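Student: Dropping a structure here in structure tokens format, bear with me for questions.
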Amino acid sequence: MKNNNLYKYILSIADNTLILGQRLGELCGHGPSLETDIACTNISLDMLGQARNYYQYAAKVKGGNTTEDDIAFLRKEHEYLNVLLVEQPNTDFGYIMARQFLFDVYHLLFLQELQKSKDQTLSAISNKAIKEVSYHYRFSSDWIKRLGDGTKESHQRTQNAVDDLWTYTDELFHQTETDKAMINDGIGVDTLKFKSEYYERANKVLEEATLEIPESRYFQKGGKQGMHTEHLGHLLSDLQYIQRAYPNMKW
Amino acid sequence: MSELKNISSLDSLPLGEMSDRTEWVIDKNLIPILNQVLDPEIPVLTILDMGVVRSAIIKDDEVIVKITPTYSGCPAMDVIGEDIIIAFKNEGYNAKVELVLSPAWTTDWITEKGRRSLEGYGIAPPLDAIADKEVLLGGKKLVKCTNCGSTNTKLVSQFGSTACKALFKCSDCQEPFDYFKCL
Numbered sequence: 014m015k016n017n018n019l020y021k022y023i024l025s026i027a028d029n030t031l032i033l034g035q036r037l038g039e040l041c042g043h044g045p046s047l048e049t050d051i052a053c054t055n056i057s058l059d060m061l062g063q064a065r066n067y068y069q070y071a072a073k074v075k076g077g078n079t080t081e082d083d084i085a086f087l088r089k090e091h092e093y094l095n096v097l098l099v100e101q102p103n104t105d106f107g108y109i110m111a112r113q114f115l116f117d118v119y120h121l122l123f124l125q126e127l128q129k130s131k132d133q134t135l136s137a138i139s140n141k142a143i144k145e146v147s148y149h150y151r152f153s154s155d156w157i158k159r160l161g162d163g164t165k166e167s168h169q170r171t172q173n174a175v176d177d178l179w180t181y182t183d184e185l186f187h188q189t190e191t192d193k194a195m196i197n198d199g200i201g202v203d204t205l206k207f208k209s210e211y212y213e214r215a216n217k218v219l220e221e222a223t224l225e226i227p228e229s230r231y232f233q234k235g236g237k238q239g240m241h242t243e244h245l246g247h248l249l250s251d252l253q254y255i256q257r258a259y260p261n262m263k264w
Numbered sequence: 128m129s130e131l132k133n134i135s136s137l138d139s140l141p142l143g144e145m146s147d148r149t150e151w152v153i154d155k156n157l158i159p160i161l162n163q164v165l166d167p168e169i170p171v172l173t174i175l176d177m178g179v180v181r182s183a184i185i186k187d188d189e190v191i192v193k194i195t196p197t198y199s200g201c202p203a204m205d206v207i208g209e210d211i212i213i214a215f216k217n218e219g220y221n222a223k224v225e226l227v228l229s230p231a232w233t234t235d236w237i238t239e240k241g242r243r244s245l246e247g248y249g250i251a252p253p254l255d256a257i258a259d260k261e262v263l264l265g266g267k268k269l270v271k272c273t274n275c276g277s278t279n280t281k282l283v284s285q286f287g288s289t290a291c292k293a294l295f296k297c298s299d300c301q302e303p304f305d306y307f308k309c310l
């Protein structure tokens, strides 16, 4: 494919929003309270909407008869290029909010830069998405503060979640060959430019939340190359079920 | 996922083409037909009141309508696209609907009439961006209760029954109501 790099680059952005959107969607009817349930599924809807915009574009770049549905539903696990952070499972609400917060801080900074992309479509999608993501960030950072600076129990659980998930934050800034090629073309975002700002922003909220900033220097990566944690396969079996069981089924 | 393709054929990309405001032309003859199409989630608002119609022109016997989504994942866009096609068909036109993402929709595009309709329907219209922030983040009491008019109201949840709304409650009359978030 002529535009293979662009295609893969779009997927790496889209898959983050699809997979995190699916995780949040799993909470529909299972949130800890009505308001948080509705909020998480609202955020999920935004992310799936963004994923659709990216996949429609990816389908166009790939050409032929490829549709957004083929890309979203019919790839194998190792063909998904999302970061490991977003596929981590829903455990307790502290964990869900910590995962969301650590992604939202990145997502905002990323979209800010993507708006400047030479690629008109990516720039347009990010221009739209960034407004939605600022609401997500407000929501997750508020909850980090409330839970961290809440009861002893909520503080401990949120601290555990941040400690666990911290190991996936470095991957957000890992650049694959595709990323580098796209940065060179003025299409991709040079994530290293805002790496220190990411940690500054995250640390500031964690401090406000009376949480400790993890000192761990051990980081895990691989998602962007299709090497995932054991959780993604299970998520996909749910996500892809209808299309696998009833191929080409439409609403 | 496949529904939207019918209305927003991929030919409409790149999505950035509408950045020039001079292209936002709505043919006067088409306005009465566009006014028949309502937002399926908020049926007191026409799509023109919502400000989601970017352009509507007749070209080679075909009506081309460009709409912009309020939120990326707004499920109402599929329905709106289909409703536009039906409304024009009823008037004897073939219509094609395209989706444009840029410039991104903002609540500033809701018309004055639209804002009044929202309020009458029980949804508090969006404040300006600064006031909106003060309400959602600073807990200021600026949003007017749609039931009794008091501004002694409080935010219950930043996210409401649809992506575009937050949930509020009036501390005077105790009624819960929706607030249309600034975007």
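Heads up: the protein sequence lines correspond to chains P and S, in order. Just so you know, we're using our numbering here: the first sequence kicks off at 14 and counts up by one. Just so you know, we're using our numbering here: the second sequence kicks off at 128 and counts up by one. All C-beta atoms in this analysis are idealised placements derived from N, C-alpha and C, irrespective of residue type, glycine included. Just so it is clear, the structure is predicted and the values come from calculations on it, not from any experiment.
1. Kindly indicate if chain P contains any beta-carbon less than 8 Å away from that of residue 298(S).
2. Using a Cβ-Cβ cut-off of 8 Å, state whether residue 140(P) counts as contacting chain S.
3. Identify whether residue 231(S) lies in helix, strand or coil by the three-state DSSP scheme.
4. For the alpha helix (DSSP H) containing residue 201(S), name the first residue and the last one.
5. Nearest by alpha-carbon distance to residue 221(P): which of 197(P), 159(P), 211(P), 203(P) is it?
6. Leaving out the 5 sequence neighbours to the left and right, which residues in its chain are closer than 6 Å to residue 53(P) when beta-carbon positions are compared?
7. Fully enclosed by the segment 208 to 241 of chain P, which alpha helix (DSSP H) runs are 4 residues long or longer?
8. Measuring alpha carbon to alpha carbon, tell me which residue in 262(S), 178(S), 213(S), 221(S) is nearest residue 284(S).
9. Would residue 200(P) pass as a contact of residue 124(P) if the rule is Cβ separation under 8 Å?
10. From residue 206(P) to residue 186(P), what does the alpha carbon distance come to, in whole angstroms?
11. Quick one: which residues of the segment 55 to 89 of chain P get their C-beta closer than 9 Å to a C-beta of chain A? List them in chain order.
12. Have a look at residue 180(S) and residue 117(P) and give me their C-alpha separation to the nearest angstrom.
13. Where does residue 93(P) sit, in a helix, a strand or coil, going by DSSP?
14. Excluding five sequence neighbours on each side, which residues of the same chain lie with their C-beta closer than 6 Å to the C-beta of residue 193(S)?
15. Quick one: what's residue 284(S) bridged to in DSSP?
16. If you measure from the beta carbon of residue 282(S) to each beta carbon in chain P, is any gap under 8 Å?
17. Determine the chain S residues that contact residue 129(P) at a beta-carbon separation under 8 Å, and present them in chain order.
18. According to DSSP, is residue 170(S) helix, strand or coil?
19. So who's on the other strand from residue 185(S), going by DSSP bridges?
20. In the DSSP assignment, find the alpha helix (DSSP H) that holds residue 158(P) and state where it starts and stops.
21. Against chain P, which members of the segment 178 to 198 of chain S pass a CB distance test of less than 8 Å?
22. For residue 285(S), decide whether its Cβ has a neighbour in chain P, counting only Cβ atoms nearer than 8 Å.
23. Could you check the C-alpha separation between residue 241(P) and residue 215(P) for me, to the nearest Å?
24. Go through its chain and collect everything with a Cβ distance to residue 27(P)'s Cβ below 7 Å, but skip five positions before and after it.
25. Closer than 8 Å, CB to CB, is residue 231(S) near chain P or not?
26. Keeping to the same chain, check which residues put their C-beta closer than 8 Å to that of residue 105(P); ignore five residues upstream and five downstream.
27. For residue 304(S), which residues does DSSP report across the bridge?
28. Need the endpoints of the alpha helix (DSSP H) that residue 197(P) sits in, please.
29. If you check the beta carbons only, do residue 239(P) and residue 81(P) fall under 8 Å apart?
30. Rounded C-beta distance between residue 304(S) and residue 281(S)? I'm assuming under 8 Å.
31. Could you pull the start and end residues of the alpha helix (DSSP H) that residue 224(S) belongs to?
Tutor: Well, looking at it:
1. Locating residue 298(S) in the second sequence gives position 171, where the first residue counts as 1. It does not: the Cβ of residue 298(S) has no partner Cβ on chain P nearer than 8 Å.
2. In the first sequence, counting from the first residue as 1, residue 140(P) sits at position 127. By this cut-off, residue 140(P) is an interface position.
3. Here residue 231(S) refers to the residue found at position 104 when the second sequence is read from its first residue. DSSP, reduced to helix, strand and coil, places residue 231(S) outside both helices and strands of the structure shown, so it counts as coil.
4. Reading the second sequence from its first residue, position 74 is the one you call residue 201(S). Where residue 201(S) is concerned, there is no enclosing alpha helix (DSSP H), given that its DSSP letter is neither H nor E.
5. As a first step, residue 221(P) is located in the first sequence; it is residue number 208 there, counting from the start. Checking every option, the nearest Cα to that of residue 221(P) belongs to 159(P).
6. Stepping through the first sequence from its first residue, residue 53(P) is reached at position 40. Excluding positions up to five away in sequence, the list reads 37, 40, 44.
7. As summarised for the segment 208 to 241 of chain P, the continuous alpha helix (DSSP H) elements at least 4 residues long and confined to that stretch are 208 to 221, given in chain order.
8. Taking the first residue of the second sequence as position 1, residue 284(S) is located at position 157. For residue 284(S), the closest C-alpha among the options 262(S), 178(S), 213(S), 221(S) is that of 262(S).
9. Here residue 200(P) refers to the residue found at position 187 when the first sequence is read from its first residue. Here residue 124(P) refers to the residue found at position 111 when the first sequence is read from its first residue. Contact flag unset, no.
10. The residue you call residue 206(P) lines up with position 193 of the first sequence. The residue you call residue 186(P) lines up with position 173 of the first sequence. Roughly 9 Å separates the two Cα atoms.
11. This model lacks chain A altogether; the protein chains it does include are P and S.
12. On the second sequence, position 53 is the one that residue 180(S) refers to. On the first sequence, position 104 is the one that residue 117(P) refers to. Roughly 30 Å separates the two Cα atoms.
13. Within the first sequence, residue 93(P) is the residue found at index 80, counting from 1. Three-state result, residue 93(P): coil.
14. Counted from its first residue, the second sequence places residue 193(S) at position 66. Sequence-distant Cβ neighbours of residue 193(S) in its own chain, meaning closer than 6 Å and more than five residues away, are 181, 182, 225, 227.
15. Against the second sequence, residue 284(S) aligns to sequence position 157. BP columns for residue 284(S) point to 294(S).
16. To locate residue 282(S), count along the second sequence from 1; it is residue 155. For residue 282(S), the nearest beta carbon of chain P is not closer than 8 Å to its own beta carbon.
17. As a working note, residue 129(P) is residue 116 in the first sequence. The CB of residue 129(P) never comes closer than 8 Å to any CB in chain S; the least such distance is about 13 Å.
18. Walking along the second sequence from the start, residue 170(S) turns up at place 43. Three-state result, residue 170(S): coil.
19. Position 58 of the second sequence holds residue 185(S). Beta-bridge pairing links residue 185(S) to 190(S).
20. Numbered from 1 along the first sequence, position 145 holds the residue referred to as residue 158(P). In this chain, the alpha helix (DSSP H) harbouring residue 158(P) covers 133 to 161.
21. So the close ones are 196, 198.
22. As a position in the second sequence, residue 285(S) is number 158, starting the count at 1. Residue contact check for residue 285(S) against chain P: a CB pair falls below 8 Å.
23. For the purposes of this step, residue 241(P) is identified with residue 228 of the first sequence, where counting begins at 1. For the purposes of this step, residue 215(P) is identified with residue 202 of the first sequence, where counting begins at 1. Roughly 24 Å separates the two Cα atoms.
24. As a working note, residue 27(P) is residue 14 in the first sequence. Here the set comprises 64, 67, 68, 71.
25. By 1-based counting over the second sequence, the position of residue 231(S) is 104. Yes, residue 231(S) counts as interfacial toward chain P.
26. Numbered from 1 along the first sequence, position 92 holds the residue referred to as residue 105(P). Sequence-distant partners of residue 105(P) (beyond 5 residues in either direction) whose C-beta falls short of 8 Å from its own C-beta, in its chain, are 170, 174.
27. The count along the second sequence starts at 1 and reaches residue 304(S) at position 177. Residue 304(S) has 295(S) as its beta-bridge partners, per DSSP.
28. Within the first sequence, residue 197(P) is the residue found at index 184, counting from 1. Residues 190 to 197.
29. Within the first sequence, numbered from 1, the residue matching residue 239(P) stands at position 226. Within the first sequence, numbered from 1, the residue matching residue 81(P) stands at position 68. Contact flag unset, no.
30. As a position in the second sequence, residue 304(S) is number 177, starting the count at 1. As a position in the second sequence, residue 281(S) is number 154, starting the count at 1. Between residue 281(S) and residue 304(S) the Cβ distance is about 11 Å, and since that is not below 8 Å, they are no contact.
31. In the second sequence, residue 224(S) corresponds to position 97, counting from 1. Bounds of any alpha helix (DSSP H) do not take in residue 224(S); it lies within the beta strand (DSSP E) bounded by 221 to 226.
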